[in-house]
Amino acid sequence: MRMEGKVTKQNENVLGARKNRRSFFKNGMIAAGAAVGAGMLPGSLPAFDREDDDRAPITKGDIAILTFLQALEQVEADLWIQYSELGGIQDNEVSGVNGGNAAYMTALQILDGDMPQYIHDNTDDEISHAAFLAKYLESKGASPVSLEPFRVLPTSKATGANQNFKKDGGRLTNLMQLQVDTSFWTRYRSITNPDFDLKATFAQATGNADGSNSLVSGGRFTAIPRSDDDTAGSDANNTADRLKAIAFTAGFHFAFIEQGGTSLYPTLAQKVTNAEVLRILLSIGPSETMHFQTWQDKAGNATPLTFTDPVNGSTVVFFDLHGAQGESQDEITNAGKVLQANLIMPEPTHFLDANAFPPVAIIRPTSTKNGGAVASVVSFVEDGLFLDAKGNNTGIVPVLMRLAEEADEARRRF
Ligand SMILES: [Fe+2]
Ligand SMILES: [Fe+2]
17 MRMEGKVTKQ NENVLGARKN RRSFFKNGMI AAGAAVGAGM LPGSLPAFDR
67 EDDDRAPITK GDIAILTFLQ ALEQVEADLW IQYSELGGIQ DNEVSGVNGG
117 NAAYMTALQI LDGDMPQYIH DNTDDEISHA AFLAKYLESK GASPVSLEPF
167 RVLPTSKATG ANQNFKKDGG RLTNLMQLQV DTSFWTRYRS ITNPDFDLKA
217 TFAQATGNAD GSNSLVSGGR FTAIPRSDDD TAGSDANNTA DRLKAIAFTA
267 GFHFAFIEQG GTSLYPTLAQ KVTNAEVLRI LLSIGPSETM HFQTWQDKAG
317 NATPLTFTDP VNGSTVVFFD LHGAQGESQD EITNAGKVLQ ANLIMPEPTH
367 FLDANAFPPV AIIRPTSTKN GGAVASVVSF VEDGLFLDAK GNNTGIVPVL
417 MRLAEEADEA RRRF
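First residue of the sequence shown? That's 17 in this note's numbering, and the numbers climb one at a time after it.
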């Protein structure tokens, strides 16, 4: 098994040949500009620029970025497949071939009637991201990462979950002891930006009554029914609080996962050299944002609920976010009041220099420190995605961290 991508001899040759061509184009461009004068041929120069960029090679850094993303997309696909088995519409396209879990689907539909379709489609998207990136790496002579040795985590025992998990290699992720960070909620509703307002704090959307604590107080919570015990008292028509709490946890977890991808792609895109690789990142990344946008709209429909898990004693608290106060002009002194459910468009925030520029509606964070590859892996680890039943992380974590460090170290060249 290869753990990392490698630039082939062929690619390095392309790299060498490119430099001459680039200087030719550069010189050619200057000559053309001199001949026609400033302001002429407004359409030509961008075309020349594009040609020039297209000849920037795929660098080792580009391969490191693609390799990391191909690994992380497998993680995403794995967790979404688990959600889809239980809560997605059932067809042969993704893994929904076990009939689903009618009670869980009903619970999820408290958030939106289309939840099973959206869960299915998010799953489909992640599978396609991982598969595309693997093929693309191969097409460039680099090796995709195999995470198969880390398919060691248990599956749900609830109706609808794939019980052939051992035969199928087990799970990469564990959705049954999560601690979901819901601070993305207030981050996107506030004027402060973690990349530029270093002292900014972002309240959780869930937790204690003032919104100041995390989703789980006193332990970790499951986002899927662990067994049919979790769906007891619930059916296709009625949802008991126990299953409501699980479905709402899932609803916020969907948004948490996808806001991570929403920051990761633009963060890594800033390090890409080759135009085609940049196009890949700029094309996949916004699909993560489409997911995030959808999920935060749905999570806001959670109904007020406090529930303590009878299995592990963890308590989750959900608020009526429809009744919450809206955007802030002064988030630091107004923490906890940026919770309004339907503020799903990114509120304008500080960017680059708060003194020089007005607030602007953007994705945030996009710094390596807050939104890069290592930050993404750390957030998944803290989420509890790789915890085994004994509370230890599986061997996937050091592998992902190494790939993440290599991706974060990439620098745009030329
Ligand atoms: Fe993805
Ligand atoms: Fe995603």
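For each residue, glycine too, the CB sits at the ideal point set by N, CA and C.
Quick caveat, the model's predicted, so the values are computed rather than measured.
The alpha helix (DSSP H) with residue i in it runs from where to where?
{"i": "T202", "result": "F200 to R203"}
{"i": "T75", "result": "Unbroken run through T75: none, as it is neither H nor E."}
{"i": "F396", "result": "A389 to D399"}
Identify whether residue i lies in helix, strand or coil by the three-state DSSP scheme.
{"i": "T331", "result": "strand"}
{"i": "R242", "result": "coil"}
{"i": "L163", "result": "coil"}
{"i": "T319", "result": "coil"}
{"i": "E425", "result": "helix"}
{"i": "L355", "result": "coil"}
{"i": "V168", "result": "coil"}
{"i": "D226", "result": "A caution first: D226 carries a pLDDT of 47, below 50, which makes its placement in the model unreliable, though a value can still be read off. In the structure shown, D226 sits in coil (DSSP, three-state: anything other than H, G, I, E or B)."}
{"i": "F367", "result": "coil"}
{"i": "F237", "result": "strand"}
{"i": "R295", "result": "helix"}
{"i": "T324", "result": "strand"}
{"i": "R380", "result": "coil"}
{"i": "L403", "result": "strand"}
{"i": "L194", "result": "strand"}
{"i": "D408", "result": "For the record, residue 408 in the displayed sequence is Asn; it is not Asp. Three-state result, N408: coil."}
Buried or exposed, going by whether 16 or more other CB atoms sit within 10 Å of the CB of residue i?
{"i": "D107", "result": "exposed"}
{"i": "F373", "result": "exposed"}
{"i": "S279", "result": "buried"}
{"i": "M121", "result": "buried"}
{"i": "S299", "result": "exposed"}
{"i": "D94", "result": "buried"}
{"i": "V376", "result": "exposed"}
{"i": "T319", "result": "exposed"}
{"i": "P11", "result": "The displayed coordinates of the chain run from 17 to 430. Any statement about residue 11 would go beyond what the structure contains."}
{"i": "D211", "result": "buried"}
{"i": "E422", "result": "buried"}
{"i": "H338", "result": "exposed"}
{"i": "G223", "result": "buried"}
{"i": "T410", "result": "buried"}
Quick one: does residue i have its CB under 8 Å from some CB of chain D?
{"i": "E92", "result": "Any reference to chain D falls outside this structure, which holds one protein chain only."}
For ligand 1, list every residue whose C-beta falls under 6 Å from any of its heavy atoms, going in chain order. E89, E92, E142, H145, G277 and E304
Which runs of the alpha helix (DSSP H) fall wholly inside the segment 101 to 158 and span at least 4 residues, in chain order? 118 to 124 and 131 to 155
Residue ranges of each alpha helix (DSSP H) run of no fewer than 4 residues wholly in the segment 249 to 289, ordered along the chain? 257 to 285
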